[in-house]
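Residues in the sequence shown are numbered consecutively from 16, following the numbering used here.
In what follows, a structure is listed as structure tokens, so that the remarks can point back to it.
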Amino acid sequence: MSSEYEAWFAASQGGLWRVGDVSDDTFSVFDLYLSSEITAASATRQLFSGKTPTEKRRVRSETCLLVRMIAEFFPDAHSDLIELSRKICSVIDFDTFTFALQDGRDVLECTFNDLLSPEPPFRDPSTAIVTLKIRWTNFHTFVAKSSAAGVVDLAENFLIPVAKKSLEAKSPGFWKLRFYTPAAAAWLAYAAPSIWGIIRMESTDSREARQSTSNFNKERWEIWMIRLEQLRWQSGLDYETRSLLRQAFVAMERAERAL
16 MSSEYEAWFA ASQGGLWRVG DVSDDTFSVF DLYLSSEITA ASATRQLFSG
66 KTPTEKRRVR SETCLLVRMI AEFFPDAHSD LIELSRKICS VIDFDTFTFA
116 LQDGRDVLEC TFNDLLSPEP PFRDPSTAIV TLKIRWTNFH TFVAKSSAAG
166 VVDLAENFLI PVAKKSLEAK SPGFWKLRFY TPAAAAWLAY AAPSIWGIIR
216 MESTDSREAR QSTSNFNKER WEIWMIRLEQ LRWQSGLDYE TRSLLRQAFV
266 AMERAERAL
């Protein structure tokens with residue numbers, strides 16, 4: 016493993032991840048791929064070819080853990096990771112991969128809630144929350160890009176919950192606003208065309224069909240656009256979040272014009 020990744024992974028041992036959970040063989044394949052030394056197809060073959068059923072189960076677990084880890088810590092690697100994930104999904108069952116992503120989201124959110132508890136693990140949890148927020152936003156950005164690329168189909172499962180706690184919440188509270196808003200904005204910044212496509216498609220269906228499909232609708236979309244602009248001027252949000260809110264609003268406008 017390269018020194019850069021090794022340092023990050025080692026630093027994270029006191030948090031949610033442990034380097035020991037992943038074998039050196041799996042580490043090395045990811046390192047070669049992310050260093051552009053092998054292709055996604057070659058990486059997938061090296062991970063799974065010639066393995067026994069028991070070994071494949073172990074590699075599946077390790078691979079999902081590494082995807083989640085890199086998605087959180089290395090946003091610059093997202094485009095490469097999405098291509099590798101596409102290949103991985105062709106080898107391991109789709110449900111295993113989506114479950115791993117859902118589990119990663121739940122672990123991060125549980126950690127955030129623990130930090131907001133009356134007796135947090137730190138005397139001053141603010142620094143920990145800010146760091147966790149970055150990882151949370153990176154993770155949602157990766158899943159949003161993966162959904163937009165057709166690797167997974169998790170837009171409703173991931174976007175709706177964070178939107179309810181930020182873009183649709185009347186009084187979310189200081190830390191919840193800072194934590195959930197950039198995640199919702201990331202989804203709309205990177206997956207707006209596919210979400211708007213769902214809304215447009217369902218608007219042409221019958222009322223009965225709409226009731227039995229997704230929770231995306233034009234009314235909700237319009238509320239999100241209004242709130243994106245309002246929150247840009249909300250006190251307590253950092254520059255990166257404001258930029259992401261603007262990016263999301265522009266992406267939604269462009270999606271509307273394109274269809």
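Where a beta carbon is used, it is the ideal one built from N, C-alpha and C, also for glycine.
Anticipated Cβ contact below 8 Å, residue i with residue j, distance rounded
i       : j       : result
Leu-182 : Ala-199 : 5 Å
Thr-78  : Ile-97  : Not confirmed; about 14 Å, so no contact.
Phe-264 : Glu-244 : 6 Å
Val-106 : Phe-63  : 5 Å
Proximity to residue i [Cα-Cα], best of the options
i       : options                            : result
Phe-194 : Leu-252, Ser-186, Arg-215          : Leu-252
Leu-203 : Lys-185, Ser-105, Glu-171          : Glu-171
Ser-100 : Leu-174, Val-145, Phe-157          : Phe-157
Ala-201 : Asp-36, Trp-239, Ile-214           : Trp-239
Gly-188 : His-155, Arg-215, Gln-249, Leu-259 : Gln-249
Phe-109 : Ile-210, Ala-56, Val-167           : Val-167
Lys-233 : Arg-247, Trp-211, Leu-246          : Trp-211
Ser-94  : Val-106, Arg-261, Ala-55           : Ala-55
Ile-276 : Ser-57, Thr-126, Ala-86            : The shown model of the chain, from 16 to 274, leaves out residue 276, and the question about it has no answer.
Arg-235 : Ser-50, Lys-179, Phe-112, Thr-113  : Lys-179
Leu-81  : Met-216, Arg-215, Asp-40, Thr-69   : Asp-40
Thr-142 : Ile-107, Phe-173, Trp-190, Lys-185 : Trp-190
Arg-83  : Thr-69, Val-106, Thr-113           : Thr-113
Met-216 : Gly-165, Glu-271, Leu-192, Val-177 : Glu-271
Ser-57  : Lys-66, Val-44, Thr-111            : Val-44
Arg-75  : Pro-133, Ala-115, Asn-128, Gly-65  : Ala-115
Tyr-14  : Gly-165, Ile-85, Asn-128, Pro-133  : Outside the shown range of the chain, which is 16 to 274, sits residue 14, and nothing can be said about it.
Status (buried if at least 16 other CB within 10 Å, exposed otherwise) for residue i
i       : result
Leu-131 : exposed
Gly-119 : buried
Ile-241 : exposed
Thr-59  : buried
Ala-2   : With the chain running from 16 to 274 in the structure shown, residue 2 is simply not present.
Tyr-254 : exposed
Arg-269 : exposed
Ala-207 : buried
Leu-259 : buried
Lys-148 : buried
Ser-161 : buried
Glu-87  : buried
Pro-68  : exposed
Pro-90  : buried
Thr-256 : buried
Through-space distance from residue j to residue i, alpha-carbon basis
i       : j       : result
Met-281 : Asn-153 : Because the chain is modelled from 16 through 274, residue 281 falls outside the range shown and cannot be assessed.
Ser-218 : Ser-38  : 49 Å
Ile-175 : Thr-196 : 12 Å
Arg-72  : Val-122 : 21 Å
Ala-92  : Glu-124 : 23 Å
Gln-262 : Tyr-205 : 9 Å
Trp-151 : Asp-139 : 19 Å
Gln-117 : Phe-173 : 8 Å
Leu-169 : Ala-184 : 21 Å
Glu-52  : Ile-214 : 41 Å
Arg-247 : Ser-186 : 16 Å
Gln-61  : Ser-229 : 38 Å
His-155 : Leu-192 : 16 Å
Ser-209 : Glu-237 : 16 Å
Asp-36  : Asn-128 : 25 Å
Thr-111 : Glu-70  : 15 Å
Ala-159 : Thr-146 : 20 Å
Gly-65  : Val-177 : 41 Å
Ser-50  : Glu-134 : 42 Å
Check: residue i C-beta below 7 Å from any heavy atom of the ligand ZN
i       : result
Arg-150 : Ligands in the displayed structure: none, and consequently the ligand ZN is not present.
At what residue ranges does the region 88-150 contain a whole run of the alpha helix (DSSP H), taking only runs of 4 or more?
93-104, 109-130
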